[in-house]
Amino acid sequence: MWTWDFFVQELVNGLTLGSVYALIALGYSMVYGILKLLNFAHGEVYMIGAFVGYGVLTVCGGAVSPMFPIYLLLPFMFLAAMIGAGVLGVVIERFAYRPLRAAPRIAPLISALGVSFFLQNSALLLFSADFRSYNTFELSGGELFVKGIHWGALNISLIRIIVIVTTVGLMALLTIFVNWTRLGKAMRATAYDREAAAMMGIDVDRVIVVAFFIGSALAGAAGVMVGLVFQRVYHFMGFTAGLKGFTAAVIGGIGSIPGAMLGGLVIGLAEAFATGYLSSTFYDLIVFGLLIAVLIVRPTGLLGKADIKKV
Amino acid sequence: MKKALALGTIVAAVAATAASAMTRASSSQPTASAAGFAACTSGQIGFLGPLTGAVAFLGKEQGNWAKYAVDSFNKANGTHFRIKNGDTQLNPKLALTVGTKFAADKSLLATIGPAGSQEVIAVGKLFKRRGMPAISSSATNVVLVDGRYPTFSRVVGNDSVQGFTDAMFMIQKLKAKKVVIIDDQEAYSTGLATRASAVLRSHGVNVQRESVNQKVTDFSSLVTKIGSDVNVVFLPWQVAANGQLFAQQMKEQGKNAKIFGSDGLDSGDFTITGAYVSSFARDIHGLPGTKSVIAGYNKKYGTKWSTFGPPAYVAAQVIATAYKAACSDGKASRAELLKNIRAVNIPSSILGLPIKFDKHGELKGAKFYVSVIQSNGKHKLVG
């Protein structure tokens, strides 16, 4: 247990899990940053993304005999899930949140909860409570799991490398978009002060739609990653993942994009190391204990900034 | 004075309304005798099982075999029993909700199931209060027949037998020196893990205990903890899909320990070549008296079934037999059915065992069997 290969293995396990949490947390942070709204339906958007990926895989012949080679099939699954989840996010914003923008803050929160239950039960009705499996161990003779880095006791499968690299790539793209594009600048301005941004001629509605699309698309990508690595998709999978993603966003600093990335990785690593060095019985205790500890020591989160109000 | 009069009028009105409601309620409730006649007329037998969810394969198979048994019994005996399904998703809360509905239906005199030990614990006291006999074909925890749930019976062995059988197989056949036992934090799993662990340790085997929630979707961190000196990983789990993922993640990380699953992993969702599974019933193909039963089942429901189905057939058969005897005078009660169930004596069943219960509802002479999964997916009996 106290060997370097054990540590690195748990590190990789934690980074894989943390990547998923980070992508979900980004959606929470982006929406909160602009609208000051906790989008509790976000976990269900991730679940729908996972189902879209499953649907694409099934339509393309399934894992046992796919119609396309893996290097085409996987990007297609990601793209379909991201677009599907993104569109769903936009629809949710348009019909569940936009009409309530001027309402007291509790109203869109309750609406978010309602959307969450609606999506969960819609998935239950459409897909039943049976678990679906991506069955990726059968995909191309299991090469996603057999190939990779194998060095002594250390084994890092290809699929985990793909997940981590894809997450880093998506986060890099998001960072470039937010910091170096006009629309990204508009998003930052809207997050800083929505009214002032509107007065400066920024189309705030469009900015919000883009934020929802991007945040939801990232959750859709996370759904496909979970399906590929952990196989199973089912109607209730968004609940726990959404909760962990929200926790990650809060730990990192709700409203902060770098914070969401960091928070996700922290939680993933905490779970992996808690399981590896302590016991899997305690990992939830450790994750939520970490949340409490961070909030006590730094209430705005690790990278969050306190709101300064001029009086 | 006026206030006292007003208060008195309100109290009287409330009392009158309550009395009226109670009268209406009691007049709409059938008397015990009427319910007994209704039960024999309706012939309902409840089925509590996970028809959807993570272990839907188990519930559907049990449900199909139970229905097949009832249909076959009706055909042979001129009865008209029918199954009333209740989906529990292997969730104790749902089991209690559905169990409450069943218990409240006075024309429903007995239930097949629930499937999981945690579900039996959830509904056990309710069924005890309402006198509802229940026969499970898969709940194996030892505590279920310790007297707390006197209306409960089962047609399979208990975890004390399974834990001993599994542990001795690991010691004698697999020559295990170090075993990792991982329970899934449910009653069935922890009981079985404790029993197996005790037997292994008493024979000098090094046992490492771990625990993981059934709802976990990633076992990779736990798999990393399995050292190269571990011979066997014992998974007394209920969700076979979890076992499948665990085994795949073991292969992903290059872990070579043998996997041994309890009866929960004896399913089409767990297909790891070279893994061992124990089961409370053996494959009934080739057993005396099963050829026509199997042919009839396969024709109606297909050939994809495991060892979970036939015990449900036997459970349904026991209830139907007891029910028919109780209804010989045109009416039956739950107490009568329970008495008949405990007195049932089927000398030869499709499980290859006689069916007879002890006073606690435990099947006499129950055994567990160990098989290894072959590359073609079939199970070969090895113990």
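Protein sequence lines, in the order shown, are assigned to chains A and B.
Basically the working numbering = 1-based index in the first sequence + 1204.
Basically the working numbering = 1-based index in the second sequence + 854.
Note that CB positions come from ideal geometry on N, CA and C, so glycine has one too.
Annotation: residue 1258 (chain A) is outside any beta strand (DSSP E); the continuous alpha helix (DSSP H) that includes it extends over 1246-1263.
In this chain, the alpha helix (DSSP H) harbouring residue 1231 (chain A) covers 1208-1239. Just measuring C-alpha positions, the residue of A:1285, A:1494, A:1482 sitting nearest residue 1260 (chain A) is A:1285. With contacts defined as CB atoms closer than 8 Å, residue 1418 (chain A) and residue 1233 (chain A) fail to qualify as a contacting pair.
According to DSSP, residue 1062 (chain B) shares a beta bridge with B:1034.
Here the alpha carbons of residue 1152 (chain B) and residue 1163 (chain B) stand approximately 12 Å from one another.
For residue 1070 (chain B), no alpha helix (DSSP H) segment is defined, and its DSSP state is neither H nor E. Taking 8 Å as the cut-off, the beta carbon of residue 1364 (chain A) is found no closer than this to the beta carbon of residue 1235 (chain A). Assignment of residue 977 (chain B) by DSSP, reduced to helix, strand and coil, places it in the helix class.
A straight-line Cα-Cα distance of about 24 Å links residue 1503 (chain A) and residue 1477 (chain A). Cβ neighbours of residue 1136 (chain B) within its own chain (closer than 6 Å, five residues either side excluded): 1223. Between residue 1022 (chain B) and residue 1334 (chain A), the alpha-carbon positions lie close to 35 Å from each other. Shown here, residue 1336 (chain A) sits in a strand according to DSSP, grouped into three states. If the five residues before and after residue 955 (chain B) are omitted, its C-beta is found closer than 8 Å to the C-beta atoms of 940, all from its own chain and listed in chain order.
For residue 1066 (chain B), a Cβ of chain A is located within less than 8 Å of the residue's own Cβ. Look at residue 1013 (chain B) here: in three-state DSSP terms it is helix. Residues of the segment 1063-1089 of chain B with a Cβ closer than 9 Å to any Cβ of chain A, in chain order: 1064, 1065, 1066, 1067, 1069, 1070, 1071, 1072, 1073, 1074, 1075, 1076, 1077, 1078, 1079, 1081, 1082. The beta carbon of residue 1144 (chain B) is closer than 6 Å to those of 1138, 1204 in its chain, skipping five residues each way along the sequence.
Measuring C-alpha to C-alpha distances from residue 1209 (chain B) to each of B:982, B:1011, B:983, B:902 identifies B:1011 as the nearest. Under the Cβ criterion (8 Å, minimum of three pairs), the segment 1286-1302 of chain A counts as touching the segment 1418-1429 of chain A. Within chain B, no C-beta atom comes less than 7 Å from the C-beta of residue 1223 (chain A); the nearest is roughly 12 Å away.
Spatial neighbours of residue 1218 (chain B) in its own chain (CB-CB distance under 8 Å, excluding positions within 5 residues in sequence) are listed in chain order as 1208, 1210, 1211, 1212.
The beta-bridge partner set that DSSP reports for residue 1359 (chain A) consists of A:1354. By the CB criterion at 8 Å, residue 1492 (chain A) and residue 1451 (chain A) fall inside the cutoff. With at least 16 other beta carbons inside 10 angstroms of its own, residue 966 (chain B) counts as buried. Residue B:1090 holds the alpha-carbon nearest to the alpha-carbon of residue 1051 (chain B) among B:1227, B:1090, B:1041. Close partners of residue 1217 (chain A) in chain B (Cβ separation under 8 Å): 1072, 1074, 1075, 1078. Counting C-beta atoms within 10 angstroms of its own C-beta, residue 1188 (chain B) has 16 or more neighbours from the protein chains shown and is therefore classed as buried. Judged by DSSP secondary structure, residue 1133 (chain B) falls outside any alpha helix (DSSP H) and instead within the beta strand (DSSP E) spanning 1130-1133. In its chain, beyond the 5 residues on either side, no residue has a beta carbon closer than 8 Å to the beta carbon of residue 1275 (chain A). Chain B has no Cβ within less than 8 Å of the Cβ of residue 1409 (chain A).
Residue pairing by DSSP places residue 898 (chain B) opposite B:936, B:962 in a beta bridge.
Distance from the CA of residue 1055 (chain B) to the CA of residue 1300 (chain A), rounded to the nearest whole angstrom, comes to 59 Å.
Contact check for residue 1218 (chain A) against residue 1431 (chain A) fails: the beta carbons are separated by 8 Å or more. Per DSSP, residue 1003 (chain B) lies in no alpha helix (DSSP H) segment and is marked neither H nor E.
The three-state reading of DSSP puts residue 1275 (chain A) in helix, counting H, G and I together.
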